[in-house]
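Residue numbers (mature numbering (1 follows the signal peptide of the UniProt record, and there is no 0)): -19 to -1, 1 to 95.
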């Protein structure tokens, strides 16, 4: 999305520069416009770097959540073996919700109930 915005902005500003040049506007105005285009590109580059950094951060957080979910697996197995799990629909639903949030594979879900 950022690159599309950059491309569109570059085209629009490029057309503006061409229009200014053909209409007899002074060279200083063209230079100022080119400088603004350069600043805009630098700003977009900075935003792209920040976006890449945030993607890495989200990836690390996601990995941490997955690790925590893996640690929950034995605990969920223990809960399933308890009597309240078999007798209480709310407890079963809670365990199912946790398993779904943790994105356990079908095989893992099946092993939970064994």
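Backbone N, C-alpha and C define an ideal beta-carbon position, used for all residues, glycine too. Note that the coordinates shown come from a computational prediction; the quantities given were computed from them, not determined experimentally.
Three-state class that DSSP yields for residue i in the structure shown
{"i": "residue 105", "result": "Look at the range of the chain in this structure, -19 to 95, and you will see that residue 105 is not part of it."}
{"i": "residue 74", "result": "helix"}
{"i": "residue 84", "result": "coil"}
{"i": "residue 63", "result": "coil"}
Cβ distance (whole Å) where residue i is taken to contact residue j below 8 Å
{"i": "residue 35", "j": "residue 89", "result": "About 30 Å separates the two Cβ atoms, so there is no contact after all."}
{"i": "residue 57", "j": "residue 80", "result": "7 Å"}
Buried versus exposed call for residue i [16 or more other C-beta atoms within 10 Å across all chains shown]
{"i": "residue 63", "result": "exposed"}
{"i": "residue 32", "result": "exposed"}
{"i": "residue 28", "result": "exposed"}
Contact check, residue i vs residue j, beta carbons under 8 Å
{"i": "residue 61", "j": "residue 76", "result": "yes"}
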